[in-house]
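What follows is a set of notes on a single structure, which appears directly below.
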DNA sequence: ATGTCGCGACGTTCGCGA
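Residue numbers (UniProt numbering): 1 to 260.
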């Protein structure tokens, strides 16, 4: 079973990329972030023709997340955002998928960017991350086989940044953000990517500016975390840079996990 | 080069968010 996550930076602008990518990577689940479209604009027909059903939590202009699956999801089981945490933004969607070995809980997030430490947006990021942690503690109790995937907007360690010294303390690199990532690991979640030997300077996002991709000036901010019962079943985890090389790409690349 | 995208608004360019 293969599960992927991809921040597409507008599904309207990137639908053809998603379809092209799925044609060569027929994953069982694709978690999308930054749809930047409302539910009524979601391209259900094109994706259904490609073999995927979608649970959608859209928003006009900003944010928006979706879970694409080959097998239908139980609609009654789909959750949007964090229960008890008031939020104007569509950032989290969760659903349960029947799978060999038991149901899998898929939690797909577009984490708050936070702009800059000290800003109001950074305060919102910290509140959101605190609420997410509390929420996941409950989700894990209810669904032991769980994956937390998405654009975390957190660089977990220095080796996940092209310039850990120059960018130390700046957004995505602060101790507070990293503390929140560690807190998620403290719930028992494991970073799939680091279960395997990986090339140095492996990143999932590159700035559009300053030839960021060509110079590999990137960050690893898109992650797949798995709960304890799943750790032993992760067979592979990789970042697919292929679509980042296509014309008019998303600034993010997909991350793919194989569960055995 | 405050450098690139995507979106949307009383738009034909600008501000915002990333």
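Every residue gets a Cβ at the ideal spot worked out from N, C-alpha and C, and that includes glycine. Here the structure is a predicted model, which means the values were calculated and not measured.
Pairing CB atoms from the stretch 115 to 127 with CB atoms from the stretch 157 to 164, are three or more of them under 8 Å?
Touching, no, given that fewer than three Cβ pairs across the two stretches are closer than 8 Å.
Contact between the stretch 36 to 52 and the stretch 92 to 99: three or more CB pairs below 8 Å?
Verdict: no, contact absent.
Looking at C-alpha atoms only, which residue of 233, 102, 241 and 118 is the closest neighbour of residue 195?
Taking each of 233, 102, 241 and 118 in turn and checking the Cα distance to residue 195, the smallest one comes out for 233.
Extent of the continuous alpha helix (DSSP H) run through residue 238
Counting along the chain, no alpha helix (DSSP H) covers residue 238; the unbroken beta strand (DSSP E) around it starts and ends at 234 to 239.
Under three-state DSSP, which class holds residue 110?
Residue 110: strand per DSSP, three-state reduction.
Between residue 261 and the rest of its own chain, which residues show a CB-CB distance below 7 Å, the 5 nearest in sequence each way excluded?
Here the chain has residues from 1 to 260 only, and residue 261 is not among them.
Please confirm whether residue 220 and residue 184 have their CB atoms less than 8 Å apart.
No, the pair does not count as a contact, with Cβ atoms beyond the cut-off.
Quick one: residues in its chain with C-beta nearer than 6 Å to the C-beta of residue 78, no 5 flanking neighbours on either side, listed in chain order?
Counting only Cβ-Cβ distances below 6 Å, and skipping sequence neighbours, we find 55 and 95.
For residue 14 and residue 75, the rounded distance between their alpha carbons:
Straight-line measurement puts the Cα of residue 14 at about 26 Å from the Cα of residue 75.
For residue 75, which of helix, strand or coil comes out of DSSP?
In the three-state scheme derived from DSSP, where H, G and I count as helix and E and B as strand, residue 75 is classed as helix.
DSSP puts residue 206 in a beta bridge; with which residues?
DSSP lists 218 as partners of residue 206.
Short of 6 Å in beta carbon distance, which residues of its chain neighbour residue 238, apart from the five on each side in sequence? Order them along the chain.
Excluding residues up to 5 positions away in sequence, 256 lie with their Cβ nearer than 6 Å to the Cβ of residue 238 in the same chain.
Return the chain-ordered ranges of every beta strand (DSSP E) run that is complete within the stretch 136 to 169 and spans a minimum of 3 residues.
For the stretch 136 to 169, whole beta strand (DSSP E) runs of length 3 or above, ordered along the chain, are 146 to 151.
Proximity of residue 110 and residue 65 at Cβ, strictly below 8 Å
Their beta carbons are under 8 Å apart, which means residue 110 touches residue 65 by this criterion.
Hey, residue 254 and residue 69 are a contact pair by Cβ (cut 8 Å); roughly how many whole angstroms apart?
About 16 Å; that fails the 8 Å criterion.
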